[in-house]
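Chains as they are written, first to last, in the working numbering: chain A, 2 to 340; chain B, 2 to 340.
I have placed the structure first, in the form of structure tokens, so that the comments after it can refer back to it.
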């Protein structure tokens, strides 16, 4: 499925970036998208690119409902641009020097330029979605799609706020965590599916079923992401598996462990998470506690449950067999992926 | 004119900020808009607020063409939010600790939160303009208005790039400078007028005449701003008049002086602008050179010319007498203002 939409999505993105007039912001943007090196030379292998999950979901939802893929291209590109803009700003916020094994935009060009590169990518996302009106999307649908995307992006910011708030806390319930990821990651994934569906049909119930599918998909995706952030293979994920613990990130395994641990384990966790910096043995101790509490198994169970709920959300919608098959493959891939 | 639209504009803004779910981002946003102190207490005097120039222009253009002011409110609020978001990010970029005699958002809440507060204000701007569709604006017009705003904002970013590029250069022509300010400040001012007109009429020539009016108005506004940044009254403007020179800002007086100076004055300027930090006597020397070259008079001439061109741009449009009178007052105010 990812391969099928690749060319169209790339075409949509290439219609926006580089953008005439944005001068030397174009290289940081192309670099961040994995297209060029820091000097603007086209990358030999596009290995550093992301999965393009969101635009793929948008295109798939549109095709699944018999929509015109050509009309979905600019929205799909818009979503990918909004997602990537948020990553550029996230990296500034979190002071992350690396992403996907590469130095981040701010760490090469400095914070002021990275900030503006992010702002401009966000703006190109807005513009891309509005361009849909030139591809035959009706103005009413274009407004609706813009709204879904803008509101989804606002939810993403809410999620970032919640996540920042978690940093200072040691007790976070699983429900609070699930609400946070539903906003921070889930909203844009849901939007991708919802927009694809909205472009292809006018039945609010069908679009809402797809939105719900996207919601559960987003949850499965994020919990898997959190799992991989602790127990994943560093080479496959492009992230240091230690970093989530070392950075005392309140991802699912940590939330779970802080919630469930008792006795000495609980004391250790609270002591370790109260420190500014973690030693190697701190990181090891946290991992041991997580293992003892069954955190990896519990994370996997939550992922599987969310994956099932995603599939169920589409049960009432009349869909061709190939769509059901691909839904199953997609859900399976997101729940089991190693990268 | 500013007083006439004040309540409506404030109502439009209050419909967006504070925004449910944005939790502790709401206080930095309200604080930046001059509504509250840093603890979220409503400000006793709204003295720290800006002029609300852009939303006022939007409302005025709409009313001048007999449009429905109620339909312009959400667009006017959107423009003010986009403008203010850009200020929050500008302050981070420029590391400015004060704006309008108050500590800037990043200097109180830190860069990460200021970055997200800016992003969320931008998003609320996007959302506000889309909400116009609920106020009776047709979807086609809503898409058009969104596009004007998004493209204008993109031009603003282009202007920021050009401005950043100027920092490293000592030779900048007046034309290059005028192009930079046409993007950086002019675009959003032009948009304000253009959007107000687009909401009130369907004649592209009329809207384009208003856009051109906005362009010249923006130029007059910015050159006056640059003038005040060097020769203005510190108390009235809320900016330190020394700061533009001390920070070696390539505003109009500096561009003009670097372009026109010769002999010893030229050598002095190049020496001073090549330094990392300027002493009091450096600042004085620069001001003396600017005076000797007639920079203040030239800046005033350019402002007056732009103001005249602004008025001329509307000459061919059929407008009631009260509109012409208010155009004259507005142009006069922007060209002569002391704050």
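Just so you know, even glycine gets a beta-carbon here, dropped at the ideal spot from N, CA and C.
Pull up the DSSP beta-bridge partners for residue 37/A, would you. Answer is 43/A.
Among 278/A, 85/A, 174/A, which residue has its Cα nearest to the Cα of residue 33/A? Of 278/A, 85/A, 174/A, the residue nearest in Cα terms is 85/A.
Where residue 101/A sits in the DSSP three-state scheme: Coil, per DSSP.
Consult DSSP for residue 335/B and reduce its assignment to one of helix, strand or coil. Helix.
Comparing alpha-carbon positions, which option in 302/B, 246/B, 178/B, 5/B lies nearest residue 273/B? The option with the nearest alpha carbon to residue 273/B is 246/B.
Any C-beta of chain B under 7 Å from that of residue 127/A: Chain B contact via Cβ: present.
For residue 48/B, is the classification buried or exposed, using 16 other Cβ atoms within 10 angstroms of its Cβ as the cut-off for buried? Because residue 48/B carries a pLDDT of 46, less than 50, the predicted location of this residue cannot be relied on, and the following value inherits that uncertainty. With fewer than 16 Cβ atoms within 10 Å of its Cβ, residue 48/B is classed as exposed.
Is residue 29/A close to chain B, meaning its C-beta is less than 7 Å from at least one C-beta of that chain? Under the Cβ criterion of 7 Å, residue 29/A is not counted among the residues facing chain B.
Do the segment 196–211 of chain A and the segment 291–310 of chain A make contact, defined as three or more Cβ pairs closer than 8 Å? No, because fewer than three Cβ pairs between the segment 196–211 of chain A and the segment 291–310 of chain A fall closer than 8 Å, the two stretches do not touch.
Helix, strand or coil: how does DSSP classify residue 122/A here? In this structure, residue 122/A counts as helix in the three-state DSSP scheme.
Beta-carbon spacing of residue 193/A, residue 80/A below 7 Å: Going by beta carbons, residue 193/A and residue 80/A fall inside the 7 Å limit.
Quick one, are the C-beta atoms of residue 128/A and residue 147/B less than 7 Å apart? With contacts defined as CB atoms closer than 7 Å, residue 128/A and residue 147/B fail to qualify as a contacting pair.
Consult DSSP for residue 17/B and reduce its assignment to one of helix, strand or coil. Three-state result, residue 17/B: coil.
Got a sec: which bits of the segment 145–170 of chain A sit with their beta carbon under 8 Å from any beta carbon on chain B, in order along the chain? Answer in chain order: 147, 148, 151, 152, 154, 155, 156, 158, 159, 161, 162, 163, 165, 166.
Give me, in chain order, the residues of the same chain whose beta-carbon lies closer than 6 Å to that of residue 137/B; leave out the 5 immediate sequence neighbours on both sides. Excluding residues within five positions, the ones whose Cβ falls inside 6 Å are 72.
For residue 175/B, which three-state DSSP category applies? Here DSSP, grouped into helix, strand and coil, assigns residue 175/B to helix.
Distance, residue 263/B Cα to residue 317/B Cα: A straight line joining the alpha-carbon of residue 317/B with that of residue 263/B spans about 44 Å.
If you measure beta-carbon to beta-carbon, which residues of the segment 246–274 of chain B are closer than 8 Å to chain A? Taking 8 Å as the Cβ-Cβ cut-off against chain A, none of the residues of the segment 246–274 of chain B qualify.
Examine the Cβ distances between the segment 208–224 of chain A and the segment 305–314 of chain A and report whether three or more of them are shorter than 8 Å. Yes, since at least three Cβ pairs between the segment 208–224 of chain A and the segment 305–314 of chain A fall closer than 8 Å, the two stretches touch.
Hey, residue 59/B and residue 201/B are a contact pair by Cβ (cut 8 Å); roughly how many whole angstroms apart? Not quite, the Cβ-Cβ distance comes to about 10 Å (not below 8 Å), so this is no contact.
Quick check: is the beta carbon of residue 98/B nearer than 7 Å to any beta carbon in chain A? Any Cβ of chain A closer than 7 Å to the Cβ of residue 98/B would place that residue at the interface, and such an atom is absent.
Could you give the residue range of the alpha helix (DSSP H) that holds residue 212/B? Taken as a continuous stretch (DSSP letters only), the alpha helix (DSSP H) holding residue 212/B covers 205–232.
Could you check the C-alpha separation between residue 1/A and residue 61/A for me, to the nearest Å? Nothing can be reported for residue 1/A, as the shown portion of chain A is limited to 2 through 340.
At least one CB of chain B closer than 7 Å to the CB of residue 116/A: is that the case? Residue contact with chain B for residue 116/A: present (Cβ-Cβ distance below 7 Å to some residue of chain B).
What residue range is occupied by the uninterrupted alpha helix (DSSP H) comprising residue 269/A? That run of the alpha helix (DSSP H) goes 264–274.
Show which residues of chain B have a CB atom less than 8 Å away from the CB atom of residue 143/A. Those within 8 Å of residue 143/A in chain B are 140, 144.
Residues of chain A with CB closer than 7 Å to the CB of residue 93/B, please, in chain order. Neighbours of residue 93/B in chain A, taken as residues whose beta carbon is under 7 Å from its own, are 116 in chain order.
Where residue 68/A and residue 135/B are concerned, what is the direct C-alpha to C-alpha distance, given to the nearest angstrom? CA-CA distance, residue 68/A to residue 135/B, rounds to 26 Å.
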